[in-house]
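What follows is one structure encoded as structure tokens, with my remarks underneath.
Protein chains: 4
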Amino acid sequence: MTVRFGLLGAGRIGKVHAKAVAGNPAAKLVAVADAVEKAAKDLASAYGAQVCTIDEIEKADGIDAVIICTPTDTHADLTERFARAGKAIFCEKPIDLDLGRVKTCLAIVKQEKATLMVGFNRRFDPHFAAVRKAIDDGAVGNVEMVQIVSRDPGPPPAEYITRSGGIFKDMTIHDFDMARFLLGEEAATVTAQASVLVDKKIGKLGDYDSASVMISTASGRHCTISNSRRATYGYDQRIEVHGSKGMVAAENQRAVSIEVANGSGYTRPPLLDFFMTRYTEAYANEIATFVEAVEKGRKPAPTGEDGLIALAMAEAALRSVKEGRTVKMSEFER
Amino acid sequence: MTVRFGLLGAGRIGKVHAKAVAGNPAAKLVAVADAVEKAAKDLASAYGAQVCTIDEIEKADGIDAVIICTPTDTHADLTERFARAGKAIFCEKPIDLDLGRVKTCLAIVKQEKATLMVGFNRRFDPHFAAVRKAIDDGAVGNVEMVQIVSRDPGPPPAEYITRSGGIFKDMTIHDFDMARFLLGEEAATVTAQASVLVDKKIGKLGDYDSASVMISTASGRHCTISNSRRATYGYDQRIEVHGSKGMVAAENQRAVSIEVANGSGYTRPPLLDFFMTRYTEAYANEIATFVEAVEKGRKPAPTGEDGLIALAMAEAALRSVKEGRTVKMSEFER
Amino acid sequence: MTVRFGLLGAGRIGKVHAKAVAGNPAAKLVAVADAVEKAAKDLASAYGAQVCTIDEIEKADGIDAVIICTPTDTHADLTERFARAGKAIFCEKPIDLDLGRVKTCLAIVKQEKATLMVGFNRRFDPHFAAVRKAIDDGAVGNVEMVQIVSRDPGPPPAEYITRSGGIFKDMTIHDFDMARFLLGEEAATVTAQASVLVDKKIGKLGDYDSASVMISTASGRHCTISNSRRATYGYDQRIEVHGSKGMVAAENQRAVSIEVANGSGYTRPPLLDFFMTRYTEAYANEIATFVEAVEKGRKPAPTGEDGLIALAMAEAALRSVKEGRTVKMSEFER
Amino acid sequence: MTVRFGLLGAGRIGKVHAKAVAGNPAAKLVAVADAVEKAAKDLASAYGAQVCTIDEIEKADGIDAVIICTPTDTHADLTERFARAGKAIFCEKPIDLDLGRVKTCLAIVKQEKATLMVGFNRRFDPHFAAVRKAIDDGAVGNVEMVQIVSRDPGPPPAEYITRSGGIFKDMTIHDFDMARFLLGEEAATVTAQASVLVDKKIGKLGDYDSASVMISTASGRHCTISNSRRATYGYDQRIEVHGSKGMVAAENQRAVSIEVANGSGYTRPPLLDFFMTRYTEAYANEIATFVEAVEKGRKPAPTGEDGLIALAMAEAALRSVKEGRTVKMSEFER
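Taken in order, these protein sequences are the chains called B, C, F and S. For the first sequence, our numbering begins at 2 and goes up steadily by one. For the second sequence, our numbering begins at 2 and goes up steadily by one. For the third sequence, our numbering begins at 2 and goes up steadily by one. For the fourth sequence, our numbering begins at 2 and goes up steadily by one.
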């Protein structure tokens, strides 16, 4: 069986997913929709797909699944619509910036018994997956403390910030998902601090560009997250898990592994520049997981619930910053 | 000039300082006092010094300076006493577990115009000093986010815990000093979380063995600290400073830099096992700094005030854990 | 334009090239020939190609280029045949084990003005190409000394050894090409030593499994090569170039970049296991270079002459071992 | 017991040994002799020793041992003289540049039953010793191939070259000793190539500044050595041992282990600059080994014979370069 895909949204992340679909022998990109016709056309023609409207994709018998990478404020509506249309849905994170809206959307997904997977790509990175596997294999014993460093190479444009939901819902949300992935236990509390160090415009928009987060679990496990919208040396993506028997860490990635030595020292190149290059394999594995789930009629993960919990953690972090206190996750009923 | 030393306390850290004094051509260990006579004798004879009482050291004309490494609850009394006796004082951290007691002690040091240096050895580690120098040389631009990981190889015995003042005053206090050293700005807030993951006995004593701390400064800089009383792979001591122009980090240290490769992978040896081996050079540099200050009649750093502030941060961390909130350093007047 | 390929030989390396062709948007695999019909069928069906005889491929108008990965003793004949048939030719190294036979073959390629590229894949490895680029960019100044370490994970079966031409023509030949690639100057002399340390069967077949080679150039540059048919830690492929201004080196590659630490030390996984995994990108880039040359009517490199020189160096190494002396490349007229 | 030392030669390496003696609690530097009186005075006064003539040291009852670091052409004479005087002798390598002279000297040492140790400091480097220990512990199985890279930071002055005996006897001689140390088997053949790439003056003096060497043993083990009188990145000292079960390597050493990252990449500092800093611990361990042997009346290693064999290998390398052939060590009878 080949899973036939309609792609909603032909922007930056849409292109990444289109490439992942094209590289998957069990998948085929058949339709692309985008409000900007040129964007849709360019992407469609690159992969031999057709430009369609969202309506056409919804009704097309020849389309099994959709990838939703339209602006965030359309995710929940589209997810509901395609759940009702009987298509399998891969939705970019977050489903919505509002917790309540996500819940109603997930209720409909559940009612329609739709297949929904949320785009937390990092779980599928081979290096991070190998860290998870090392934990599962007992290499570190009981997980005790997780350290996540996640720094973007540079701040996004102001327009992006405005629609992003803020650093916690836009950027840290990936780290919240990684925290859950690595801790192996739900967060009980979230405590955060945030400031504006990189770009004053971000502060004027009410957002932050530098954030630190601490998470605790019921059994006393810890996770710390360090985020910045700036890293002159590339896309800094590190995880480290410390446990009762040892430690496991994933190193940063480079395009080429060379080192030049001279009187100034020993220099390795900067890191891969951003998610499109750093997570190429992760995106391919992510789509492969979705495709396999659709083929076999299984429920894929990360689920809508995973998306909801990460969003609630982002909400908790924001509340923690605003109120200067540790926020209990029990304050957010699911 | 040779600075002649009396050593108060011949325990684990006393031995470390005795060795540092012996290795310094401008210093000489002349007297050792310890409640346990055998300990004093062994150490004195190893370095050609005499066993004395504290009284004798206090009155000896031939002694210029003392190193106080007796139990913590005697530090403040001894500091006052030797300040009055006109000896230069090197006091192991902390001066006292009680902030008020430290303040009265420092007042007397001030009144006596005594020379006092507090033992925050890590500032003198060549690797950490090189990180500080890189910052001073502009290698990372403005400091934005500091990450400190500090893990002991294993938990101390219960007796030690009882007298230690708890993880924040005993262990994290070094990291609080490093945070100030690296941030280049005073902490405005401290937020902490702590739990018992390593040894239940520690919990029964009302202490923690795993802690995470976030610090913020007035200008919005961040520091995170990750502490554990357990690390199967050695004494884990890492710092990393992220700034507007780049990042600088210090690597962990090993006794030997070899790597063995076979079917199981590429393996480097565990880290140096604890502070006595890891910070050998730091202790030597620390004493050298003190000796030079005494010789030249200058005030050495870290000062008593540095000791006081680090202790206040430890107090703040504890309060943060107990009250589940971010604690402002302004709550502690100096 | 799409370059349509016929593949001759559906064995281990044939599969590698088929995959590279399939992943190239400007290329298409249309036909596969192999003496073992099942091998041809399996590979053809995996990529939507047809099973053909060599005759059929030779005559097919719809085939622009062939990849020759049949047994070595057929390479020269097939190269001549397809040169006469007007197809572009990508021939796996070596063209033949006999220098004279290679020369007559290249004469025919020249006479037919055929397009011929020889399969020295390592030049196309991104890491090694980055080393070459660093040299070209002046990062190391004048090249002085090149170090190549190349170790297979394990010895090939006896049948393979018999047909391989021996370690120098089979394995070191790649390093000879890399030496030329990195030295930027032809070898003037070759000196070698070789022994049997891994598998006595290899010795009984008159071959060696462990070899060291020194190369010098007219201007006095050096290259050393270290080869073994055994490496318990994976496929060990390292190059290092030392010059008047500095040094540049390429590190080994792993499937995942994680590190596990415990009481036994810090362990990273073994290396990628062999050329099929280690040089995936190199093979893709190699075919892309060939495809682009065919499209644009340009002569691709490595050329037949490159293949001839590397073979002559292998011959020189063997002579050096047999005669216990430094062999001048001028002993081999081209 | 304290071993009382006379030091012959207060130059660069004399200072290194004086420091090693001063740092050893079981040793004491009591006398220093040097043709340049100021050099002797400065060194003597730094360590509380007396300036003496060689005659005085020879006759002094209060001197147990001498360290010979005078110019090479005096080593053999002085060794004989102090052997006859009944002093334990630590002689810097080489004993003489002439094999015959070394043999007659060693005959006298034997006849006098004198204690003689030759200064191959690298065996005592903790990292290289750890490599040897890993081999002894079976970590790599049977040793198969040893790789040694040894590059000086820059060429010595012409005067030094003139007296040095040439690159093989001056520089590679250390690597020949390391080859024996690591191979665990005597060299059967030596093959070398050498050229002038760094400094033409060196060529005019009949010497080389760049050399490559291959060594084979009777059982077929290999060693390659790569030498240069130039390395812009510091004193490059690496060893790697490949065996039937794995590989072990020692990394280069730096003064501080920090890394700075920015848009240009990730940079670690250059290496330690030369033997005085790189081998500080090795020199201390070397003297400690000698002191312990003197104290316990044992014969220390490396022995005079070790010095002789390394010198013969250097002679073989030179002959190999001159005659363009592999030289058998059996050509040099001991």
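Ideal Cβ positions, reconstructed from N, Cα and C, are used throughout, including at glycine.
- The beta carbon of T268 of chain S sits closer than 8 Å to the beta carbons of E260, V261, A262 from its chain, once the five residues preceding and following it are set aside; these are given in chain order.
- Contact of H128 of chain F with chain B is assigned, a C-beta pair being separated by under 7 Å.
- For V144 of chain B, the closest of B:E287, B:D35, B:K300, B:M248 by C-alpha to C-alpha distance is B:M248.
- A residue is called buried when at least 16 other Cβ atoms come within 10 angstroms of its Cβ; R299 of chain S does not meet this threshold and is exposed.
- Ranked by how close their Cα comes to the Cα of A212 of chain C, the residues C:G12, C:R231, C:D99 have C:R231 in first place.
- By the Cβ neighbour-count rule, Y161 of chain B is exposed, with fewer than 16 other Cβ atoms within 10 Å of its own.
- Contacts with chain S at 7 Å (Cβ-Cβ) do not include G235 of chain F.
- For A285 of chain F, the enclosing alpha helix (DSSP H) starts and ends at 281-297.
- A distance of 7 Å or more separates the beta carbons of F169 of chain S and R124 of chain S.
- Note that the C-beta distance between E59 of chain C and A86 of chain C is below 7 Å.
- Under the three-state reduction of DSSP output, G244 of chain B falls in the strand class.
- The stretch 274-293 of chain F makes contact with the stretch 234-250 of chain F: 3 or more CB pairs, one atom from each, lie closer than 8 Å.
- Residue ranges of uninterrupted alpha helix (DSSP H) with 4 or more members, entirely inside the stretch 166-209 of chain S and ordered along the chain, are 174-184, 201-205.
- DSSP, read as helix, strand or coil, puts T54 of chain B in coil.
- CA-to-CA, the gap between T225 of chain F and T327 of chain F works out to about 14 Å.
- DSSP places V37 of chain C outside both helix and strand once states are collapsed to three, so it counts as coil.
- Between the stretch 72-80 of chain S and the stretch 41-53 of chain S, the count of Cβ pairs shorter than 8 Å is below three; the stretches do not touch.
- With contacts defined as CB atoms closer than 7 Å, L100 of chain S and L272 of chain S fail to qualify as a contacting pair.
- Counting along the chain, the unbroken beta strand (DSSP E) around T268 of chain C starts and ends at 266-269.
- By the 16-neighbour rule on beta-carbons within 10 angstroms, M314 of chain B is buried.
- The Cβ-Cβ distance between I96 of chain B and C106 of chain B falls below 7 Å.
- Counting C-beta atoms within 10 angstroms of its own C-beta, S331 of chain C has fewer than 16 neighbours from the protein chains shown and is therefore classed as exposed.
- Comparing C-alpha distances from K201 of chain S to each of S:A45, S:Y209, S:F83 shows the shortest one belongs to S:Y209.
- Distance check between M172 of chain C and each of C:L319, C:A189, C:A21, C:R5 places C:L319 closest, using alpha-carbon atoms only.
- Nearest in C-alpha terms to A189 of chain C, of all of B:A189, B:G167, B:E187, B:S196, is B:S196.
- Between the alpha carbons of A27 of chain C and Y48 of chain S lies a gap of roughly 13 Å.
- Within the stretch 261-290 of chain C, V261, A262, N263 place their CB atoms closer than 7 Å to a CB of chain S, listed in sequence order.
- Contact between L8 of chain C and A23 of chain C fails: their C-beta atoms lie close to 11 Å from each other, not under 8 Å.
- Taking the Cβ atoms as the reference, N122 of chain S lies roughly 15 Å from V292 of chain S, outside the contact range of under 8 Å.
- Here V257 of chain C is actually not in contact with V132 of chain C; their C-beta atoms are around 23 Å apart, not less than 8 Å.
- A direct Cα-Cα distance of roughly 22 Å separates I149 of chain B from P270 of chain B.
- Within chain S, V261, A262, N263, G264 have C-beta atoms less than 8 Å from the C-beta of G247 of chain C, given in sequence order.
- Here DSSP, grouped into helix, strand and coil, assigns T116 of chain C to coil.
- In this structure, DSSP gives K29 of chain S an extended state, which the three-state scheme calls strand.
- Closer than 7 Å to the CB of S151 of chain B there is not a single CB belonging to chain F.
- K94 of chain S has its alpha-carbon roughly 14 Å from the corresponding atom of R13 of chain S.
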